[in-house]
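Residue numbers (UniProt numbering): 1 to 641.
Note that the Cβ used here is the ideal one computed from N, Cα and C, for glycine as well.
To keep things clear, I will list the structure first and then write my remarks on it.
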């Protein structure tokens, strides 16, 4: 089913053309990415599709029954409610239905109604129908859905009673995403949903979107995320849209192949045009060949001349070099611990790390584990609580701060760079800035007026100028568009120094990392390989741990079973012993009864009765037998109990 169709859509802001003849189609269960450079019009297109913005030309078709949910890029959830109460607001209709069901249950217990058979049966039928519909709609499932989404988006149960007004901006954005996911619209539109998410949460979101029952449209700079979630890519470039089938990596392959194909066709046609023009020029004036030349001229005039295929739009061009080479040992960290206050607990402890020349180490771990703090500790901005940090010989550190706090917001772009290198000609500084897409009057803008992506490019330009041999990079791909990320990757892959970097960009980690260091609050684990290798090894570790746990459980089960068997064997042995003893006692009692009966007979004999000594002897025998009988009966009763 086609949920939404965009035909020949055009959008202008004043005289500036933003989008032209855009075509896009959204079908049920499709996973679509919209990609393009910053400023290409991706968010504008999403705003138009979601009804937030008008458009100048074209058509948008969406059936009325199709629902649409949109999460804008910088949206956050503002509410006076707690997290749990706000999420439950989505399901107020279920709560009302549930109250109606409880009321019907109370009515069914009314004695007057029970006496009226017809009315009772009518209410019962209505109750069954309403309850079945409640079940089908998910009325018994919604609380479990809320819990799953909150836990998946890193809101543990201990936070559910937290007022939303007290949350950070990033937490409010995550909560807005969670609320939209729970509404389950037919078309789910997400603009940069991966911002403020750590890797575990990103992995959860990928799984959630892959199993989502509706269509999903995503704008994201997270290429790994796009590879895992989408099967169609629309590229917005030079105001127009192009459709590609497959995930992000497939899109890059197809785009490159299409460009090569179109360029060859263009060059082939240009060669043919040149050959025809030369033939016409040589033969048009000769009487014997003029007709053929005229025919070629008409043929040339009718030819549909191809435009030269446009390559990538302007991208930053830079590379990182070093002034001098470091020693083989670049960084050694032993038993490092850090805490913000003397009375607080450690942010991290027992941290070990050894980096050699040429290594590229990615720091990964949950938010709050201290990855950025570690970089600031290495450069001396923060002091460790304990442990040792050793830099190797000739190590020169270059630091990229994700907050760009090292940029002076009062300076212009030109002087932010030139003031650090006054001996370099202005022309050369402008050339360097031009490589980072600052051209013409752009270099005279104040740093404070730059966008996040522009500040990131300026900070990278400054870092490149330092020519350090050891780079510490804190989220270097934040704010960069996809083209700039790929240029940065290429520059760092060719970099001859060593790198320690923090990133949530798994695609970037895969391209760059030779090692992955997983940080936890009380330990670190080093994996020699890229991100995919790290994930694979983590999966193996989890499987081995699960296998070990299962083996231990099986051992306990077998030990318990063996113990139970031995115990049962012993019980049966003791039971048999008891049974034998009971039989022995019963035989002894029977013998004693016969003996006592014989004594009674003898005592009844007048001759024995008159013989006092004999009578006394028999009487004593009877008492002894009775005593023995009482003793045996007591033992018999005890054994039976």
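Where residue i falls: helix, strand or coil (DSSP)
| i | result |
| --- | --- |
| residue 167 | coil |
| residue 194 | coil |
| residue 369 | coil |
| residue 150 | helix |
| residue 82 | strand |
| residue 304 | coil |
| residue 338 | strand |
| residue 58 | strand |
| residue 399 | strand |
| residue 10 | strand |
| residue 652 | The structure shown has nothing for residue 652, since the chain only spans 1 to 641. |
| residue 412 | strand |
| residue 184 | coil |
| residue 121 | helix |
| residue 33 | strand |
| residue 251 | helix |
| residue 44 | helix |
| residue 285 | coil |
| residue 525 | strand |
Residue i versus residue j - alpha carbon distance
| i | j | result |
| --- | --- | --- |
| residue 46 | residue 189 | 7 Å |
| residue 544 | residue 516 | 20 Å |
| residue 19 | residue 451 | 21 Å |
| residue 485 | residue 213 | 32 Å |
| residue 195 | residue 472 | 22 Å |
| residue 230 | residue 209 | 9 Å |
| residue 354 | residue 536 | 23 Å |
| residue 559 | residue 378 | 52 Å |
| residue 504 | residue 199 | 6 Å |
| residue 636 | residue 602 | 29 Å |
| residue 625 | residue 596 | 7 Å |
| residue 523 | residue 352 | 8 Å |
| residue 304 | residue 310 | 18 Å |
| residue 223 | residue 556 | 46 Å |
| residue 205 | residue 531 | 18 Å |
| residue 253 | residue 271 | 27 Å |
| residue 525 | residue 340 | 23 Å |
| residue 444 | residue 207 | 46 Å |
| residue 426 | residue 495 | 26 Å |
| residue 402 | residue 481 | 15 Å |
| residue 179 | residue 565 | 55 Å |
Whole-angstrom C-beta distance between residue j and residue i, which should lie under 8 Å
| i | j | result |
| --- | --- | --- |
| residue 475 | residue 502 | 6 Å |
| residue 69 | residue 185 | 4 Å |
| residue 683 | residue 87 | Nothing can be reported for residue 683, as the shown portion of the chain is limited to 1 through 641. |
| residue 435 | residue 287 | So it is not a contact: roughly 58 Å between Cβ atoms. |
| residue 477 | residue 460 | Between residue 460 and residue 477 the Cβ distance is about 10 Å, and since that is not below 8 Å, they are no contact. |
| residue 529 | residue 326 | Not confirmed; about 23 Å, so no contact. |
| residue 632 | residue 585 | 5 Å |
| residue 365 | residue 371 | 6 Å |
| residue 121 | residue 113 | That pair is no contact at about 10 Å. |
| residue 592 | residue 562 | Incorrect: roughly 44 Å between the Cβ atoms, too far for contact. |
| residue 360 | residue 514 | 5 Å |
Reference residue i; option with closest CA among the options
| i | options | result |
| --- | --- | --- |
| residue 298 | 284, 565 and 306 | 284 |
| residue 43 | 74, 295, 323 and 377 | 74 |
| residue 415 | 16, 403 and 430 | 430 |
| residue 383 | 342, 363 and 369 | 342 |
| residue 52 | 38, 71 and 34 | 71 |
| residue 356 | 331, 436, 588 and 369 | 331 |
| residue 1 | 27, 21 and 39 | 27 |
| residue 367 | 347, 237, 359 and 358 | 347 |
| residue 152 | 121, 296, 202 and 563 | 202 |
| residue 101 | 110, 128, 111 and 82 | 128 |
| residue 48 | 24, 136, 359 and 300 | 24 |
| residue 278 | 628, 483 and 296 | 296 |
| residue 161 | 627, 84, 350 and 442 | 84 |
| residue 294 | 116, 133 and 276 | 276 |
| residue 483 | 641, 124 and 37 | 37 |
| residue 630 | 527, 590 and 641 | 590 |
The ligand SAM heavy atom lying under 6 Å from the CB of residue i
| i | result |
| --- | --- |
| residue 189 | Of the ligands one can find in the structure shown there are none, so the ligand SAM has no counterpart to examine. |
The segment 326-338 in contact with the segment 378-396 per 3-pair CB rule at 8 Å: yes
Inter-stretch contact at 8 Å, needing at least 3 Cβ pairs: the segment 159-176 / the segment 50-66: no
Stretch-stretch touch, CB-based, cutoff 8 Å, three pairs: the segment 504-511 with the segment 402-419: no
Segment contact, 8 Å Cβ cut-off, at least three pairs: the segment 259-267 with the segment 235-248: no
Stretch pair the segment 5-23 + the segment 133-151: three plus CB contacts closer than 8 Å: no
Segment contact flag, the segment 214-227 with the segment 26-40, C-beta cutoff 8 Å, min 3 pairs: yes
contact_flag[the segment 321-331, the segment 393-400] where n(CB pairs < 8 Å) is 3 or more: yes
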